[in-house]
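Undergrad: Chains as they are written, first to last, in our numbering: chain W, 5 to 249; chain V, 5 to 249; chain H, 5 to 249; chain B, 5 to 249.
In this text, a Cβ means the ideal position worked out from N, Cα and C, and glycines have one as well.
There are 4 protein chains.
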Amino acid sequence: MADRIRVTVWNEFRHEKTHPRVTAVYPEGIHNVIASAIEGQPDMVARTATLDEPEHGLTDEVLAQTDVLTWWGHMAHHQVTDDVVDKVQQRIIDGMGLIVLHSGHFSKIFRRMMGTTCNLKWREAGEKSRLWVVEPGHPIVDGLPAYFEVPHEEMYGERFDIPAPDTLVLVSWFPGGEVFRSGCCYVRGKGRIFYFQPGHETYPTYRQPEIQQVILNAVRWAAPKQGTEVVFGNVKPLERIEVQE
Amino acid sequence: MADRIRVTVWNEFRHEKTHPRVTAVYPEGIHNVIASAIEGQPDMVARTATLDEPEHGLTDEVLAQTDVLTWWGHMAHHQVTDDVVDKVQQRIIDGMGLIVLHSGHFSKIFRRMMGTTCNLKWREAGEKSRLWVVEPGHPIVDGLPAYFEVPHEEMYGERFDIPAPDTLVLVSWFPGGEVFRSGCCYVRGKGRIFYFQPGHETYPTYRQPEIQQVILNAVRWAAPKQGTEVVFGNVKPLERIEVQE
Amino acid sequence: MADRIRVTVWNEFRHEKTHPRVTAVYPEGIHNVIASAIEGQPDMVARTATLDEPEHGLTDEVLAQTDVLTWWGHMAHHQVTDDVVDKVQQRIIDGMGLIVLHSGHFSKIFRRMMGTTCNLKWREAGEKSRLWVVEPGHPIVDGLPAYFEVPHEEMYGERFDIPAPDTLVLVSWFPGGEVFRSGCCYVRGKGRIFYFQPGHETYPTYRQPEIQQVILNAVRWAAPKQGTEVVFGNVKPLERIEVQE
Amino acid sequence: MADRIRVTVWNEFRHEKTHPRVTAVYPEGIHNVIASAIEGQPDMVARTATLDEPEHGLTDEVLAQTDVLTWWGHMAHHQVTDDVVDKVQQRIIDGMGLIVLHSGHFSKIFRRMMGTTCNLKWREAGEKSRLWVVEPGHPIVDGLPAYFEVPHEEMYGERFDIPAPDTLVLVSWFPGGEVFRSGCCYVRGKGRIFYFQPGHETYPTYRQPEIQQVILNAVRWAAPKQGTEVVFGNVKPLERIEVQE
Numbered sequence: 005m006a007d008r009i010r011v012t013v014w015n016e017f018r019h020e021k022t023h024p025r026v027t028a029v030y031p032e033g034i035h036n037v038i039a040s041a042i043e044g045q046p047d048m049v050a051r052t053a054t055l056d057e058p059e060h061g062l063t064d065e066v067l068a069q070t071d072v073l074t075w076w077g078h079m080a081h082h083q084v085t086d087d088v089v090d091k092v093q094q095r096i097i098d099g100m101g102l103i104v105l106h107s108g109h110f111s112k113i114f115r116r117m118m119g120t121t122c123n124l125k126w127r128e129a130g131e132k133s134r135l136w137v138v139e140p141g142h143p144i145v146d147g148l149p150a151y152f153e154v155p156h157e158e159m160y161g162e163r164f165d166i167p168a169p170d171t172l173v174l175v176s177w178f179p180g181g182e183v184f185r186s187g188c189c190y191v192r193g194k195g196r197i198f199y200f201q202p203g204h205e206t207y208p209t210y211r212q213p214e215i216q217q218v219i220l221n222a223v224r225w226a227a228p229k230q231g232t233e234v235v236f237g238n239v240k241p242l243e244r245i246e247v248q249e
Numbered sequence: 005m006a007d008r009i010r011v012t013v014w015n016e017f018r019h020e021k022t023h024p025r026v027t028a029v030y031p032e033g034i035h036n037v038i039a040s041a042i043e044g045q046p047d048m049v050a051r052t053a054t055l056d057e058p059e060h061g062l063t064d065e066v067l068a069q070t071d072v073l074t075w076w077g078h079m080a081h082h083q084v085t086d087d088v089v090d091k092v093q094q095r096i097i098d099g100m101g102l103i104v105l106h107s108g109h110f111s112k113i114f115r116r117m118m119g120t121t122c123n124l125k126w127r128e129a130g131e132k133s134r135l136w137v138v139e140p141g142h143p144i145v146d147g148l149p150a151y152f153e154v155p156h157e158e159m160y161g162e163r164f165d166i167p168a169p170d171t172l173v174l175v176s177w178f179p180g181g182e183v184f185r186s187g188c189c190y191v192r193g194k195g196r197i198f199y200f201q202p203g204h205e206t207y208p209t210y211r212q213p214e215i216q217q218v219i220l221n222a223v224r225w226a227a228p229k230q231g232t233e234v235v236f237g238n239v240k241p242l243e244r245i246e247v248q249e
Numbered sequence: 005m006a007d008r009i010r011v012t013v014w015n016e017f018r019h020e021k022t023h024p025r026v027t028a029v030y031p032e033g034i035h036n037v038i039a040s041a042i043e044g045q046p047d048m049v050a051r052t053a054t055l056d057e058p059e060h061g062l063t064d065e066v067l068a069q070t071d072v073l074t075w076w077g078h079m080a081h082h083q084v085t086d087d088v089v090d091k092v093q094q095r096i097i098d099g100m101g102l103i104v105l106h107s108g109h110f111s112k113i114f115r116r117m118m119g120t121t122c123n124l125k126w127r128e129a130g131e132k133s134r135l136w137v138v139e140p141g142h143p144i145v146d147g148l149p150a151y152f153e154v155p156h157e158e159m160y161g162e163r164f165d166i167p168a169p170d171t172l173v174l175v176s177w178f179p180g181g182e183v184f185r186s187g188c189c190y191v192r193g194k195g196r197i198f199y200f201q202p203g204h205e206t207y208p209t210y211r212q213p214e215i216q217q218v219i220l221n222a223v224r225w226a227a228p229k230q231g232t233e234v235v236f237g238n239v240k241p242l243e244r245i246e247v248q249e
Numbered sequence: 005m006a007d008r009i010r011v012t013v014w015n016e017f018r019h020e021k022t023h024p025r026v027t028a029v030y031p032e033g034i035h036n037v038i039a040s041a042i043e044g045q046p047d048m049v050a051r052t053a054t055l056d057e058p059e060h061g062l063t064d065e066v067l068a069q070t071d072v073l074t075w076w077g078h079m080a081h082h083q084v085t086d087d088v089v090d091k092v093q094q095r096i097i098d099g100m101g102l103i104v105l106h107s108g109h110f111s112k113i114f115r116r117m118m119g120t121t122c123n124l125k126w127r128e129a130g131e132k133s134r135l136w137v138v139e140p141g142h143p144i145v146d147g148l149p150a151y152f153e154v155p156h157e158e159m160y161g162e163r164f165d166i167p168a169p170d171t172l173v174l175v176s177w178f179p180g181g182e183v184f185r186s187g188c189c190y191v192r193g194k195g196r197i198f199y200f201q202p203g204h205e206t207y208p209t210y211r212q213p214e215i216q217q218v219i220l221n222a223v224r225w226a227a228p229k230q231g232t233e234v235v236f237g238n239v240k241p242l243e244r245i246e247v248q249e
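Below, the structure written as structure tokens:
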């Protein structure tokens with residue numbers, strides 16, 4: 005148990021309570037669907053946290069016990085306090101993994117980590133999407149086919165205003181004519197970040213096996229490594245210095 | 005004149021007014037030394053802006069007329085208003101270049117664009133530094149030798165908490181035993197960012213020809229390209245969509 | 005004239021002589037269409053070279069006078085001698101630009117520079133392709149729209165077995181359901197390499213203004229920079245070394 | 005046993021037989037020192053292969069059973085047959101890991117995978133080297149300090165003519181005044197490649213715990229992932245295509 009990857013599944017959890025169409029798809033909330041998939045893995049353990057909990061459920065204690073944080077939000081990004089964003093950022097720098105899902109592209113924490121607007125094109129037409137693997141040796145696509153489809157999704161299209169990913173793993177095709185960098189890996193500080201495009205709230209995308217597989221693979225990829233200790237600040241020289249006048 | 009690169013040289017301009025040792029080195033202020041070098045170029049024109057001017061000298065009008073912004077700050081990073089940082093960030097996303105100098109690594113705007121702490125090791129011992137070119141075909145090192153030295157500098161050492169540069173151009177050697185990624189290129193939005201390590205306020209580093217050459221080359225590299233128009237938001241499909249139930 | 009970018013447009017020039025359908029589209033040869041576009045620019049000068057010329061038209065003298073080499077080949081990649089490939093590789097390392105077009109993905113020189121198979125999926129169905137700009141600030145897309153279409157093209161689809169591009173500029177959408185990294189930038193040695201997907205021999209792709217614009221922009225981007233001198237081999241220390249026993 | 009990472013430790017094994025100074029340091033051969041370190045791990049199993057064995061010890065059967073190949077060579081790079089290099093390249097593309105050690109920078113297989121000359125500066129003065137971690141969250145530096153030293157090493161200095169690493173993990177400092185990108189990660193095809201600078205044959209570098217730790221970490225990092233199946237060649241469309249005349 006002690007060696008399991010500790011995942012905190014964060015969800016805004018508003019659409020599910022206020023939009024009947026979303027309630028119908030995710031009566032238990034998006035977070036509980038994702039957490040269930042994680043709990044089914046022998047090497048992971050999940051907890052959930054939501055916007056309306058005190059400190060959005062992300063207390064110092066919870067963050068300290070989180071190896072990987074997944075993030076879904078949409079209508080209330082602005083209600084996440086800057087204080088919590090500051091703490092999550094520092095935890096990522098210190099090694100915590102972050103998996104940003106779908107409309108989380110506009111979350112404060114993703115924009116904070118990217119330094120850009122994270123803006124994009126979008127369309128809600130219920131069209132399908134096809135995700136192509138462009139890096140077939142990457143652990144995030146372990147066990148997946150060369151491409152897979154989501155039957156109904158919101159379209160996200162380029163230009164996606166992100167820094168060029170450290171590794172681009174997936175590119176999506178949409179019937180309406182667009183493409184999108186839909187699986188993007190970053191390293192920031194000691195932490196790893198993965199952005200994954202699918203997951204509109206009106207479709208049961210997170211119940212789809214391929215989608216769950218990518219998220220589970222991403223949890224393993226983003227789990228903190230031991231790495232090295234990091235030392236900052238004023239230091240003495242390691243060698244004798246001779247300063248020339 | 006209309007086609008010249010319009011450079012705004014920003015300087016905190018506090019050390020020069022309060023620290024006699026710095027006043028002795030830069031009586032005219034660091035910004036005026038850099039601006040003079042730029043003004044000497046046929047393809048550039050410079051203006052300066054400093055912290056204590058209204059809006060730090062970075063009004064909407066000034067920013068709109070700036071192609072490349074250079075940034076030196078140290079003791080008063082926190083006094084730069086978030087409103088100005090927001091505007092500078094947006095201008096970079098829209099294509100303005102940013103050249104961050106030395107202790108500007110801890111500036112609000114650089115940390116904003118990087119998404120990390122930008123922390124590092126440091127030591128003020130007056131030791132020299134030797135900057136090695138690791139990308140000899142890069143325009144930022146046009147006309148420079150395979151390495152060059154700064155006689156007296158503050159040491160900055162790894163770990164430097166930045167995203168891995170899109171292009172790493174220079175790596176520094178210090179006599180005390182450290183190394184540092186001292187010339188780092190990034191693209192963010194349509195804008196280009198260059199971080200350049202040398203420039204401690206107590207040494208006449210910005211008067212050194214090689215240092216000026218790197219800054220001038222970086223101005224040319226970071227100058228906005230025409231590029232393409234960027235469209236965000238809700239869009240209609242470009243192809244006929246057939247949605248399967 | 006002396007300051008113009010000297011472009012050598014290389015073409016296998018076999019299809020045009022043996023396939024009537026190709027002859028009809030490019031009676032003058034693909035190379036001459038591209039060379040004409042280059043000759044129309046005030047800052048460029050073009051020459052052509054083809055497979056069946058002595059040394060494939062790439063003598064030491066020609067290579068020494070080439071700033072940027074463009075490469076189209078398809079049915080006779082294996083007939084390019086290794087000796088010429090060796091020389092072109094060295095010129096790239098020394099700073100010459102290389103623009104690889106369409107089926108040139110399987111050329112000896114591109115595979116040599118990439119280190120991978122450069123294999124991909126393909127289909128000849130005359131379908132259109134839509135090229136999306138993912139890096140809107142990049143000089144290779146200067147003046148282009150956010151996307152542009154080629155009315156009829158061979159489909160190339162992922163997985164494209166290349167090293168992750170240093171900069172990915174364009175991603176293509178195909179009606180048959182595929183995506184492709186269709187504009188890829190690399191730096192190798194002091195040289196710059198651009199791979200550009202469109203250009204099947206049975207369609208007049210190289211007569212299309214947007215395609216010509218990308219190639220012209222790529223020539224400017226790939227033109228050699230002065231950079232720094234490169235020193236290799238055995239060297240004396242720059243500092244006094246004290247070896248501890 | 006079946007799940008262990010199968011490592012083949014390749015060594016030129018000439019210096020050890022012909023240079024008394026090297027024989028004194030590595031009487032058993034460099035390969036056996038590295039293989040012993042690997043054999044001491046519960047998750048790895050090692051075999052060795054050397055230049056003078058038939059097919060250099062790298063038969064089809066051996067390669068098929070190799071998850072990660074480590075490579076040390078120096079005086080006889082040219083004696084490695086192109087046929088074996090071809091096979092090793094294909095295995096890497098298919099997912100095998102490759103760890104290139106020290107003077108292996110000039111091996112046929114490393115130059116093949118890089119596409120560049122892999123040239124550098126060097127000096128044999130017995131000086132120490134200090135390796136700085138620039139990516140402290142990377143698994144290749146798991147459990148290592150922020151820097152570590154090799155008491156006596158051959159100096160390798162920049163410019164190192166390699167493609168910019170996909171991830172730069174280590175940068176070395178040398179007392180004589182040079183720096184070097186000494187720990188470089190690449191992905192090529194489905195395979196992972198790590199170049200690691202230390203290991204001159206006249207010093208017992210491979211007996212040093214930190215060096216062994218990096219190699220063991222690199223073996224785990226480079227071990228093949230399942231990834232996805234890769235499909236190349238002519239394909240049918242996945243969607244109905246309407247071609248416009």
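Grab the span of the alpha helix (DSSP H) containing phenylalanine 114/B for me, first residue to last.
TA: 112–118
Undergrad: Distance check for proline 167/W and lysine 91/V, CA to CA, integer angstroms please.
TA: Their Cα atoms are separated by approximately 19 Å.
Undergrad: Using only alpha-carbon positions, find the residue among Phe178/H, Arg224/H, Lys229/H, Gln201/H that is nearest to lysine 194/H.
TA: Lys229/H
Undergrad: Give a yes or no on whether the C-beta atoms belonging to arginine 51/H and threonine 22/H are separated by under 7 Å.
TA: no
Undergrad: Could you check which residue in Ile245/V, Phe198/V, Ala226/V has the C-alpha nearest to that of serine 186/V?
TA: Phe198/V
Undergrad: With H, G and I counted as helix, E and B as strand and the rest as coil, what does DSSP make of tyrosine 207/H?
TA: coil
Undergrad: Can you list the residues of chain B that threonine 232/V reaches, using a CB-CB cut of under 7 Å?
TA: Chain B residues near threonine 232/V: none, gap ~25 Å exceeds 7 Å.
Undergrad: Does any CB atom of chain V fall closer than 7 Å to the CB of glutamate 205/W?
TA: no
Undergrad: Taking the C-alpha atoms as reference points, what is the distance between isoleucine 9/H and glutamate 20/V?
TA: 46 Å
Undergrad: Let me know the beta strand (DSSP E) ranges lying completely inside the region 68–151 of chain H, each 3 residues or longer, listed in chain order.
TA: 72–76, 101–105, 125–127, 133–137
Undergrad: Please tell me whether alanine 150/W has its Cβ less than 7 Å away from any Cβ of chain B.
TA: yes
Undergrad: Which whole-angstrom value describes the C-beta separation of tryptophan 177/W and glutamate 182/H, a residue pair presumed to lie in contact below a C-beta threshold of 8 Å?
TA: 7 Å
Undergrad: Using a Cβ-Cβ cut-off of less than 9 Å, list which residues of the region 178–196 of chain H approach chain W; keep chain order.
TA: Phe178, Pro179, Gly181, Glu182, Val183, Phe184, Arg185
Undergrad: Is the region 198–216 of chain W touching the region 97–112 of chain W, taking contact as three or more C-beta pairs under 8 Å?
TA: yes
Undergrad: Using a Cβ-Cβ distance cut-off of 7 Å, determine whether asparagine 36/H contacts chain B.
TA: no
Undergrad: Residues of chain V with CB under 9 Å from asparagine 238/W, in chain order?
TA: Within 9 Å Cβ-Cβ: Lys125, Trp126, Arg127, Glu128.
Undergrad: Taking glutamate 139/B as the reference, which of Val175/B, Trp14/B, Ala28/B, Gly119/B has the closest Cα?
TA: It is Val175/B.
Undergrad: With threonine 232/H and valine 218/V assumed to form a contact (beta carbons below 8 Å), what rounded beta-carbon distance in angstroms separates them?
TA: No, threonine 232/H and valine 218/V are not in contact; Cβ-Cβ is about 11 Å, not under 8 Å.
Undergrad: State the Cα-Cα distance for the pair methionine 5/W and glutamine 45/W, rounded to the nearest angstrom.
TA: Note that methionine 5/W scores 40 on pLDDT, short of 50, meaning its location in the model is unreliable and no value can be drawn from it.
Undergrad: For the region 12–58 of chain V, list the beta strand (DSSP E) runs that are entirely contained and at least 3 residues long, ordered along the chain.
TA: 48–54
Undergrad: According to DSSP, is isoleucine 9/V part of a helix, a strand, or is it coil?
TA: Correct three-state label for isoleucine 9/V: strand.
Undergrad: Taking 7 Å as the CB-CB limit, is proline 169/W close to chain B?
TA: no
Undergrad: On the DSSP bridge assignment, give the partners of valine 175/H in chain order.
TA: Trp136/H, Arg185/H
Undergrad: If I measure Cβ to Cβ from histidine 60/B and keep anything under 8 Å in the same chain, skipping five residues before and after, which residues do I get?
TA: Trp14, Ala53, Thr54, Val84, Thr85, Val88
Undergrad: Using Cβ-Cβ distances below 8 Å, what residues of the region 103–125 of chain W are close to chain V?
TA: Listed by position along the chain: Arg116, Met117, Met118, Gly119, Thr120, Thr121, Asn123, Leu124, Lys125.
Undergrad: Tell me valine 154/B's beta-bridge partners as DSSP assigns them.
TA: According to DSSP, valine 154/B bridges with Ser133/B.
Undergrad: Roughly how many whole angstroms lie between the Cα atoms of leucine 220/B and leucine 135/H?
TA: 43 Å
Undergrad: Shortest alpha-carbon distance to tryptophan 75/H belongs to which of Ala28/H, Ala150/H, Ser133/H, Ala39/H?
TA: Nearest option by C-alpha distance: Ala39/H.
Undergrad: Starting from the C-beta of glycine 130/W, find all residues in its chain whose C-beta is less than 6 Å away, skip the five residues before and the five after it, and write them out in chain order.
TA: His156
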